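Position 77 (the sequence shown) corresponds to 77 in full-length UniProt numbering; numbering is contiguous.
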Amino acid sequence: MSINADPYGLPEGGTTTTGQLVLTVAQSGSDNGLKCFETLVKVVCNAVDKPTELRRGADGADQVDAVPACAMLLRRLGFKDIGDRYSLQMTGLRSGEVARLQVALNDLPHCSDLVIRLAPVIEALGLHWKKPDGTSTFMPGPTYRERHDLPHGEGSRGYWNGSAERPGNNPPDLPAPAEDEEDADLQEALRLSMIES
């Protein structure tokens, strides 16, 4: 089963996309949002690597709260704000949202390392991407840096160009929970992201 990992697709009832939030974060601060993105990736990786370990990173929470779009991304990924910290919801990480974040980060020149760091998370969540040759990978496409080395027209975006299913009109080949579950998770993430405002 495939999920729609297009970070620029607006879900029904949504007001913004994952891609728009990532671009908003990238436009904040002098570091192009890199510290916020590093915090998001670290939190997601920690949730997979050590799911039962409690963390109280006030610095990370303050950094996320300082950029509202970053806080919204964290809630969409499956975390809730409980005052002094963010906690993973009982439903766990939202795999589709992690995939959308990986694609959106892959479109930014300064985030290639973060895209690579998310690959083990994609694998741990039971997801994969299909390359044009039919093989599977945990990277949504060539990194921004790698795309400059490809022949013109190949891999011009952050996902595999030749894949039969890719973001946009055709979702990438990512196995996922039932569509109703994914839709319910996304609707819950949207509801939670609106609560903060």
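By construction, the Cβ of each residue, glycine as well, lies at the ideal position given by its N, Cα and C atoms.
None of the values given here were measured: they were computed from a predicted structure.
Of all the options Gln20, Val103, Val44, which has the alpha carbon lying nearest to the alpha carbon of Leu74? Comparing alpha carbon positions, the residue from Gln20, Val103, Val44 closest to Leu74 is Val44.
Helix or strand or just coil, what does DSSP make of Ser30? Ser30 falls in the coil class under three-state DSSP.
Out of Thr39, Pro109, Asp107, Leu93, which has the shortest C-alpha to C-alpha gap to Met62? According to the sequence displayed, residue 62 carries Asp and not Met. Checking every option, the nearest Cα to that of Asp62 belongs to Thr39.
Same chain, Cβ closer than 7 Å to Ser87, five either side skipped, listed in chain order: Excluding positions up to five away in sequence, the list reads Phe79, Lys80.
State the DSSP-derived secondary structure class of Phe138, mapped to helix, strand or coil. Coil, per DSSP.
Does DSSP classify Ala176 as helix, strand or coil? Only weak support is given to the placement of Ala176: the predicted model assigns it a pLDDT of 38, under 50, and the value that follows is read from those uncertain coordinates. DSSP places Ala176 in the coil class of the three-state scheme, outside both helix and strand.
What would DSSP say about Lys131, mapped onto helix, strand or coil? Three-state DSSP puts Lys131 in coil, outside helix and strand.
One question on the structure: do Thr18 and Arg76 come within less than 8 Å of each other, judged by their Cβ atoms? It is a contact, given that the beta carbons lie within the stated cut-off.
Cβ-based neighbour list, Arg117, same chain, cut-off 7 Å, excluding 5 preceding and 5 following: Closer than 7 Å at Cβ, skipping near neighbours: Val41, Cys45.
Looking at the structure shown, is Glu165 part of a helix, part of a strand, or coil, going by DSSP? Only weak support is given to the placement of Glu165: the predicted model assigns it a pLDDT of 35, under 50, and the value that follows is read from those uncertain coordinates. If DSSP states are grouped into helix, strand and coil, Glu165 belongs with coil.
Distance between Cys36 and Glu146 (C-alpha atoms, nearest Å): In a straight line, the C-alpha of Glu146 is about 23 Å away from that of Cys36.
Consider the Cβ of Ser87: report whether some Cβ of chain C lies at a distance smaller than 8 Å. Among the chains of the structure shown, chain C does not appear; only one protein chain is present.
When Pro51, Val25, Pro7 are compared against Leu125, the one with the closest alpha-carbon: Selected option, being the one with the closest Cα: Pro51.
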